[in-house]
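Residue numbers (the UniProt record's numbering): 1 to 307.
Structure representation (structure tokens):
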């Protein structure tokens, strides 16, 4: 098998590793590409191609994350990961861990960890790498990696939500939510929301957004019921789609361009958190991106007739 064939076989794993460390599709793809360049240029054959490539993409991702931390500290408004429609890497023996670590909530929680803690947690807890492999990947001793893993697990356990396990029930609730959203049904929406539900939008200062953060079932329901019927009048459509392993949707303009994504955290038969990614810089990998400002102007013009 050639190097190129070996690399392509491992590419889904490498991307999944990098995405969980970085929370960015574009940065993960760049890290994978840089990994290939280093592999191609390596003078000797590694003893284990998987170990070599995993370690390389992890080190690159750690370096990228360290530089990205400065940008994220200066980010305008709430920061959310770039939405991912499907994880290219599948492992039946790790399906629960892979799905849980892909959610928006988990990725936001991972942001609280240091780059090394995040990398160790992803390698060890999500992908089940042994500590010798983890130590080699992050350039620390096994003892240090065990300490990093303990700290990371503690931080994650303290804030990690538990989502609805039954996929069918979760999808049925999401279907009812999007039906009520299209109809502008305040009561219908409110009945599906937890009392302390929160809605968070990530526009990064580059797109109009409903609100940076709204809390409470009544407030969120009223906001959604007011906004989305007006958006439909200017040609915006809602396309239900799993996003980051969660119930969600892609919203498109009349030309089919991506306006934003929405994801729903579901627990105990209610929606706990709604997250909208509106920043156009985070949507390009999903297709052509809509002009959100132009749509916002159109929506404002139809406000009076609708009301």
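Note that CB positions come from ideal geometry on N, CA and C, so glycine has one too. Remember, predicted model here, so these are calculated numbers, not experimental data.
Measure the Cβ-Cβ separation of residue i and residue j and say whether it is below 9 Å.
i, j, result
"residue 138", "residue 152", "no"
"residue 27", "residue 18", "yes"
"residue 103", "residue 282", "no"
"residue 207", "residue 260", "yes"
"residue 199", "residue 186", "no"
"residue 180", "residue 189", "yes"
"residue 248", "residue 173", "no"
"residue 7", "residue 89", "no"
"residue 136", "residue 51", "yes"
"residue 234", "residue 298", "yes"
"residue 107", "residue 101", "yes"
"residue 250", "residue 286", "yes"
"residue 222", "residue 236", "no"
"residue 127", "residue 94", "yes"
"residue 112", "residue 159", "yes"
"residue 34", "residue 60", "yes"
Could you spell out where the alpha helix (DSSP H) holding residue i opens and where it closes?
i, result
"residue 240", "Careful: residue 240 lies outside any alpha helix (DSSP H), inside the beta strand (DSSP E) at 237 to 240."
"residue 121", "115 to 121"
"residue 155", "142 to 159"
"residue 202", "Careful: residue 202 lies outside any alpha helix (DSSP H), inside the beta strand (DSSP E) at 193 to 202."
"residue 243", "Where residue 243 is concerned, there is no enclosing alpha helix (DSSP H), given that its DSSP letter is neither H nor E."
"residue 9", "3 to 22"
"residue 32", "25 to 41"
"residue 127", "Where residue 127 is concerned, there is no enclosing alpha helix (DSSP H), given that its DSSP letter is neither H nor E."
"residue 95", "95 to 102"
Since residue i is in the beta strand (DSSP E), which residue starts that stretch and which ends it?
i, result
"residue 228", "Note, residue 228: premise wrong, no beta strand (DSSP E); alpha helix (DSSP H) at 217 to 233."
"residue 248", "248 to 252"
Cα-Cα, which of the options is closest to residue i?
i, options, result
"residue 166", "79, 96, 158 and 279", "96"
"residue 77", "105, 276, 298 and 293", "276"
"residue 279", "173, 81 and 270", "81"
"residue 98", "174, 21 and 135", "21"
"residue 238", "256, 223, 222 and 245", "256"
"residue 54", "36, 112, 170 and 226", "36"
"residue 192", "143, 274, 229 and 65", "274"
"residue 313", "263, 252, 75 and 300", "Given that the chain is displayed from residue 1 to residue 307, the structure contains no residue 313 and the question cannot be resolved."
"residue 292", "205, 222, 124 and 59", "205"
"residue 218", "73, 124 and 271", "271"
"residue 263", "227, 201, 69 and 29", "201"
"residue 227", "265, 184, 13 and 61", "184"
"residue 125", "68, 149, 111 and 144", "149"
"residue 197", "45, 265, 34 and 29", "265"
"residue 39", "62, 66, 64 and 10", "10"
"residue 182", "145, 168 and 232", "232"
Could you tell me how far apart the beta carbons of residue i and residue j are, in whole angstroms, since I believe they sit closer than 8 Å?
i, j, result
"residue 83", "residue 243", "5 Å"
"residue 31", "residue 57", "5 Å"
"residue 156", "residue 116", "That pair is no contact at about 14 Å."
"residue 69", "residue 79", "In fact, because the Cβ distance is near 11 Å, the residues do not count as touching under 8 Å."
Run through the DSSP bridge pairs and tell me what residue i is partnered with.
i, result
"residue 56", "In DSSP, residue 56 forms no bridge with anything."
"residue 274", "199 and 264"
"residue 213", "200"
"residue 76", "DSSP output for residue 76 lists no bridge partner at all."
"residue 258", "252 and 289"
At a cut-off of 8 Å, is residue i close to the ligand NAD when judged by its beta-carbon and the heavy atoms of the ligand?
i, result
"residue 299", "Questions concerning the ligand NAD fall outside what the structure shown contains, since it holds no ligand whatsoever."
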